[in-house]
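In order, the protein sequences belong to chains A and B.
Residue numbers 98 to 526, in this note's numbering, belong to the letters of the first sequence in order.
Residue numbers 9 to 276, in this note's numbering, belong to the letters of the second sequence in order.
Note that beta-carbon positions come from the ideal geometry of N, C-alpha and C, so glycine has one too.
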Amino acid sequence: MHKNKRIEVKHLTRVEGHGNLTAIIRDGRLKEARFDIDEAPRLFEVFLCGHDYNQVVHMASRICGICAVSHRCAAIKASEAAFGVLVSERIRLLRRLAFHGEVISSHVLHLFFLVAPDMFGVPSVFHLPPEHKDTVRKAMRLKRAALEICRTTAGRHIHPVGMEVGGFSFNPLPRTLAELRGAVEGAVEDLQALVPIFRRHSWPDFQRKTAYVSLKSPKSYAFYEGELYSSRHGSMPVEDYRRTISEYTVPGSTAKHAVIDGASYMVGALARFNNNYEQLSNAARRVADEIGLSAPCTNPFMIPAAQLAETAHCLDESLHLIDRLIEPEISRQDPSVPVHPVKANGVGAVEAPRGTLFHDYTFDERGTCTEANLVIPTAQNLASLHADMQAFIPQVIEEPEEVLGHRLEILTRAYDPCISCSTHVIRLD
Amino acid sequence: MRRSEKKRIAFFDFACCEGCQLAVLELEETLLDLLSHTDIAAWREVMTGDEPPYDVAFCEGSICTRADEERLLRVRRDAKILVALGTCAAIGCHNNLRNRIDTREALEKVYGKAARGMDVTEARPVSAVVDTDYRILGCPVSLPEFIAVFKAILTDQPYRLPNEPVCVECKLTDTLCVYEKGRVCLGPLTRCGCGAICTRFGDVCHGCRGLVDEANLAAMPRVFSREHLHAIMGAVASGQPLDEERIRQMIALYNNYPELKIEDRGDA
């Protein structure tokens, strides 16, 4: 009981990017618990300046290989907001479809490649026992369907091509979209077959209420568009994010932490699930029921469960979007609209797979970027992860170091941290 | 190859988007086939554990800190063959653009006092820090090239990078030249091997695979000139003036590590 424990995990595996986990227990009491980002600052906000808006959106997707479509769309939306570009329904639908492809791809990667090894007690998906080979194959097929969505709407997933300010530089044919529909239908079946793995899984029992923050739209379960919404603070215009979210530096970490009204908050799949549950497809709600997830859920260990429900939703929604895109009046619309740069500032917010992502650019009259500000989901979640560790460790403080360390790894991994971007906010004011 | 002679392979990531590793995962069953001829010794992104030494180490990303450099030197010592995976590692990508600004000053702007103790060095491609045995180009890596290099390594063969411009692949894929749309493209200067993925989708080439050997930069302003485009393509280039400075700015998105000479960027 009165033992000192020190848990140190350097370069946590099966996460995107480099982070170190530390917990120090002295005389049976939690002294300190941290997850520090150990990624060299890449300073995107600084070197995006001086490039024209086409280069900015091209470079923006290179911030993250997993969330390339999200970064591209956030950059495009910020530029279009600055230049006053209004896009057609076809463009909106194509972007939303690309977005769903990315969310499915990212969630499947996290669920089956990064989290599942913990559930089966193996070091990696390649080490799963032979009876699970079929699981791996189905998960890969699911991922392939997601990539097909991206290939049809953005050339590829990493990194999208042809997604531009003002629309698309290509126009998918109805025939291509119809073929895609077949691939997505197959993926719906594959997902159904994979859900039972999670039904049998017992999630660690832990609850901590916090503010859940996401976009919210009257039109749909928000990924590509919507207002900023907090379960504690209500709706806020996206443009006010700088006034709403305050950030502070933390010693030892190159990622800033974020708070609203001085308190941590959660973004990502579970926050969206809690805020927008009513807009999930019927199949997605059935998946949630089946794996014991109900809204509101205050257990951060269940973030992957929310990702699974969202995967089901995104597959259904993709079928719906494909049907809309094939409709004659949508098919006839141009895939791009003219763009005329003006000297202005614009903010774009989207729901990246890991949560709300903000891009904020100022352009000169030629469309050259003069100032850039990016707020990424993982940085926003760090304060929430720390608060969870503070609350969770006393529950399991009696456990041996190794078990405790493994539990903390699982908690951290549940957040699906994606830190390779290592882009941070420049506060110029 | 006998089973007992399986090569021990490892993947390492340094500062980058990790898109090259993720692209490799997109190979799905082809990847499983390739991996069946190897043992995985380390792959942090998808696996717990690290067991040197390695026969082959794939390294992705830029070297941006002293800790990165030490880790890379350690990998180099432990690996018989080191492969620069993708443009960040092979020739340099956006990460290096920060070398043009005062990094210390920028850090202080972002982090305030907390910037002082930060371990930050000049951003460099892997190939500028250690000797590389193979290089795979692209942002993200070209998967056919990844497979070709992987097979070359398994069979102890060299790999020769293609040395034609992207224009060749546009022709081979019946792709409409984007000059026809009055857009500026770096295809004529850029090493092919990507299958012209960007231009096939109507986008322009931003030069992510680096320059071909003996790329003629000086000739490009004339090629790009309004009159010339008009004459040869019936198109009118729009937007900013296309002098050599502008073309160098465009090329610098990916070809921005001056210490690597153009001839170093060819066959590894």
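Among the residues of its own chain, which have a CB less than 7 Å from the CB of residue i, if the five just before and after it don't count?
{"i": "T73(B)", "result": "D127, V128, T129"}
{"i": "P271(A)", "result": "I423, S428"}
{"i": "V233(A)", "result": "V222, L225"}
{"i": "K236(A)", "result": "One detail in the question is off: residue 236(A) reads as Ala in this sequence, not Lys. Within the same chain, A236(A) has close Cβ partners V205, F209, L291."}
To the nearest angstrom, report how far apart residue i and residue j are at their CA atoms.
{"i": "G445(A)", "j": "D457(A)", "result": "6 Å"}
{"i": "P227(A)", "j": "H254(A)", "result": "30 Å"}
{"i": "N3(B)", "j": "G94(B)", "result": "An answer regarding residue 3(B) cannot be provided, because it is not within the stretch 9 to 276 covered by chain B."}
{"i": "P463(A)", "j": "K440(A)", "result": "The identity of residue 463(A) in the sequence shown is Arg, whereas the question assumes Pro. Whole-angstrom Cα-Cα distance: 7 Å."}
{"i": "T82(A)", "j": "P173(B)", "result": "In the structure as shown, chain A begins at 98 and stops at 526. Residue 82(A) is therefore absent and cannot be evaluated."}
{"i": "T46(B)", "j": "K15(B)", "result": "5 Å"}
{"i": "P474(A)", "j": "T408(A)", "result": "19 Å"}
{"i": "C216(B)", "j": "A360(A)", "result": "42 Å"}
{"i": "E68(B)", "j": "C28(B)", "result": "7 Å"}
{"i": "M23(B)", "j": "E426(A)", "result": "The amino acid at residue 23(B) is misidentified as Met; the sequence shows Ala. When rounded, the distance between both Cα atoms is 46 Å."}
{"i": "S343(A)", "j": "M486(A)", "result": "21 Å"}
{"i": "I71(B)", "j": "L81(B)", "result": "11 Å"}
{"i": "P315(A)", "j": "S378(A)", "result": "15 Å"}
{"i": "D413(A)", "j": "F320(A)", "result": "14 Å"}
{"i": "A172(A)", "j": "I188(A)", "result": "15 Å"}
{"i": "L312(A)", "j": "V157(B)", "result": "44 Å"}
{"i": "D358(A)", "j": "Y326(A)", "result": "14 Å"}
{"i": "E499(A)", "j": "H483(A)", "result": "19 Å"}
{"i": "N263(B)", "j": "I507(A)", "result": "40 Å"}
{"i": "L162(B)", "j": "A49(B)", "result": "16 Å"}
{"i": "N470(A)", "j": "V356(A)", "result": "17 Å"}
{"i": "L109(A)", "j": "E177(A)", "result": "38 Å"}
Could you check whether residue j and residue i sit closer than 9 Å to each other, using their CB atoms as the reference points?
{"i": "K306(A)", "j": "T250(A)", "result": "no"}
{"i": "L115(B)", "j": "P138(A)", "result": "yes"}
{"i": "Y309(A)", "j": "Y345(A)", "result": "no"}
{"i": "R84(B)", "j": "D139(B)", "result": "yes"}
{"i": "S415(A)", "j": "I201(A)", "result": "yes"}
{"i": "N117(A)", "j": "K107(A)", "result": "yes"}
{"i": "A18(B)", "j": "V54(B)", "result": "no"}
{"i": "I490(A)", "j": "L505(A)", "result": "yes"}
{"i": "A277(B)", "j": "S135(B)", "result": "As displayed, chain B neither begins before 9 nor continues past 276, which places residue 277(B) out of reach and without an answer."}
{"i": "D141(B)", "j": "L90(B)", "result": "yes"}
{"i": "E153(B)", "j": "C161(A)", "result": "no"}
{"i": "N477(A)", "j": "V364(A)", "result": "In the sequence as displayed, the identity of residue 477(A) is Gln instead of Asn. Yes. Within cutoff."}
{"i": "G203(B)", "j": "E177(B)", "result": "yes"}
{"i": "I163(A)", "j": "C515(A)", "result": "yes"}
{"i": "R131(A)", "j": "N101(A)", "result": "no"}
With 9 Å as the threshold, decide whether the Cβ of residue i is near any Cβ in chain B.
{"i": "M237(A)", "result": "yes"}
{"i": "A137(A)", "result": "yes"}
{"i": "T467(A)", "result": "no"}
{"i": "S266(A)", "result": "yes"}
{"i": "K240(A)", "result": "yes"}
{"i": "L277(A)", "result": "no"}
{"i": "R189(A)", "result": "no"}
{"i": "A366(A)", "result": "no"}
{"i": "P220(A)", "result": "yes"}
{"i": "Q430(A)", "result": "no"}
{"i": "M216(A)", "result": "no"}
Does residue i get closer than 9 Å to chain A when you measure Cβ to Cβ?
{"i": "V64(B)", "result": "no"}
{"i": "Y137(B)", "result": "Before going further, note that residue 137(B) is Val rather than Tyr in the sequence given. By this cut-off, V137(B) is not an interface position."}
{"i": "A31(B)", "result": "yes"}
{"i": "H45(B)", "result": "no"}
{"i": "M241(B)", "result": "Bear in mind that the predicted position of M241(B) carries a pLDDT of just 47, short of 50, making it unreliable; the figure below should be weighed with that in mind. Not an interface residue."}
{"i": "I48(B)", "result": "yes"}
{"i": "Y287(B)", "result": "Nothing about residue 287(B) can be read from this structure; chain B reaches only from 9 to 276."}
{"i": "G195(B)", "result": "no"}
{"i": "G57(B)", "result": "yes"}
{"i": "E177(B)", "result": "no"}
{"i": "M228(B)", "result": "no"}
Excluding the five sequence neighbours on either side, which residues of its own chain have a C-beta within less than 8 Å of the C-beta of residue i, listed in chain order?
{"i": "M241(B)", "result": "Only weak support exists for where M241(B) lies, its pLDDT of 47 falling under 50; the value from the coordinates is given anyway. Same-chain partners within the cutoff: C185, Y187, E188."}
{"i": "A195(A)", "result": "V166, C170, I246, C247, T250, A251, P257, M260"}
{"i": "D251(B)", "result": "P229"}
Could you check if residue i belongs to the surroundings of the ligand SAM, using beta carbon to heavy atom distance under 8 Å?
{"i": "I155(B)", "result": "This structure does not include the ligand SAM; it has no bound ligands of any sort."}
Flag residue i as yes if its beta-carbon sits less than 9 Å from any beta-carbon of chain C, otherwise no.
{"i": "L244(A)", "result": "The chain labelled as chain C is not found among the protein chains of the depicted structure, namely A and B."}
Take residue i and list the residues in its own chain whose beta-carbon comes closer than 6 Å to its own, dropping the five residues that flank it on each side.
{"i": "H547(A)", "result": "The requested residue 547(A) is not part of the displayed model; chain A covers only 98 to 526."}
{"i": "D461(A)", "result": "K440, T467"}
Legend entry - alpha helix (DSSP H) runs contained entirely in the stretch 112-192 of chain B, provided each spans 4 or more residues: 134-137, 151-162, 174-180
Inset, instruction - Please go through the stretch 311-351 of chain A and give each complete beta strand (DSSP E) segment of 3 or more residues, from N-terminal end onward. - result: 324-327, 331-333, 342-345
Legend entry - Segments of 4+ residues assigned as alpha helix (DSSP H) that fall wholly inside the stretch 65-113 of chain B: Listed in chain order, the alpha helix (DSSP H) runs fully inside the stretch 65-113 of chain B are 74-86, 95-98, counting runs of at least 4 residues.
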